[in-house]
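Student:
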Amino acid sequence: MDSPSKPTRRTLLGAAGATGLGAALTACSPSSSPGSSEQASAAPSPDGDGQNVMPSDQLAELGKAEVTVRGPASGKDLGVLLYRPDASTVLAYSNICSHQGCAVGTETPEANFYCACHGSRYDYKDGSVLAGPAPKGLTRYAASIKGQDIVVYPPLDA
Numbered sequence: 000m001d002s003p004s005k006p007t008r009r010t011l012l013g014a015a016g017a018t019g020l021g022a023a024l025t026a027c028s029p030s031s032s033p034g035s036s037e038q039a040s041a042a043p044s045p046d047g048d049g050q051n052v053m054p055s056d057q058l059a060e061l062g063k064a065e066v067t068v069r070g071p072a073s074g075k076d077l078g079v080l081l082y083r084p085d086a087s088t089v090l091a092y093s094n095i096c097s098h099q100g101c102a103v104g105t106e107t108p109e110a111n112f113y114c115a116c117h118g119s120r121y122d123y124k125d126g127s128v129l130a131g132p133a134p135k136g137l138t139r140y141a142a143s144i145k146g147q148d149i150v151v152y153p154p155l156d157a
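For the sequence shown, numbering that gives the first Met the number 0 gives the first residue as 0, with consecutive numbering after it.
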């Protein structure tokens with residue numbers, strides 16, 4: 000009766016290397032690909048007291064800006080990204096990247112919102128992810144143009 004052969008050291012090292020390589024490649028790959036679940040949240044209805052963030056004539060049509068509002072619950076400053084698609088509309092998004100919480104800005108190598116930490120890019124028209132490791136779009140805030148002011152309504156629990 001033959002006894003089962005023992006694996007050689009070369010076989011064991013090869014198997015361990017293949018397993019480690021597979022794990023490393025999985026860890027380096029993005030968790031999602033653009034176009035899957037990166038859509039930004041829908042615009043919430045204005046709730047609570049809005050905060051005037053800037054005169055409306057300081058944000059041109061098709062312009063972008065970075066402003067801050069005060070969180071109603073926390074009292075902390077919250078970064079907000081603005082985009083004005085036309086004369087009567089302004090869109091507002093949280094400036095917190097959904098990847099690792101870095102600040103997203105308007106100064107970019109392209110015409111999108113950009114996170115310099117790991118290269119995520121967001122569409123300024125809807126906050127969705129265009130590229131990078133971010134798993135979802137930017138959180139949308141309610142915003143409006145009232146008289147001569149741009150008004151942002153941060154979430155009441157912020």
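Beta carbons: idealized from backbone N, C-alpha and C, even for Gly.
Return the bridge partner residues of Asn51 from the DSSP annotation.
Tutor: Val150
Student: Which residue's Cα is closest to the Cα of Tyr140: Ala64, Ala72 and Leu80?
Tutor: Leu80
Student: When you compare only the Cα positions, how much space is there between Thr138 and Tyr152?
Tutor: Going by the C-alpha atoms only, they are around 12 Å apart.
Student: What does the Cβ neighbour count give for Gln50, buried or exposed, with the cut at 16 atoms within 10 Å?
Tutor: Counting C-beta atoms within 10 angstroms of its own C-beta, Gln50 has 16 or more neighbours from the protein chains shown and is therefore classed as buried.
Student: Below 8 Å on the Cβ atoms is my contact criterion, and I expect Gly118 with Ser127 to pass it. Report the Cβ-Cβ distance as a whole number of Å.
Tutor: No, Gly118 and Ser127 are not in contact; Cβ-Cβ is about 16 Å, not under 8 Å.
Student: Tell me whether Asp122 sits in a helix, a strand or coil according to DSSP, three-state version.
Tutor: coil
Student: Considering only residues of the same chain and omitting the five flanking positions on each side of Pro43, which have a CB-CB separation below 8 Å?
Tutor: If the five residues before and after Pro43 are omitted, its C-beta is found closer than 8 Å to the C-beta atoms of Arg139, Tyr140, Ala141, Tyr152 and Pro154, all from its own chain and listed in chain order.
Student: So, at 8 Å on beta carbons, what are the nonlocal neighbours of Leu58 in its own chain, with the 5 sequence-adjacent residues on each side left out?
Tutor: Its chain contains Ala64, Leu81, Arg83, Val89 and Ile149 as the residues whose beta carbon lies nearer than 8 Å to that of Leu58, once the 5 sequence neighbours on both sides are disregarded; these appear in chain order.
Student: Cα separation between Tyr121 and Gly78?
Tutor: Cα to Cα, Tyr121 sits roughly 15 Å from Gly78.
Student: Which residues bound the beta strand (DSSP E) around Ser143?
Tutor: Arg139 to Lys145
Student: Per DSSP, Glu65 is paired with what?
Tutor: Leu80
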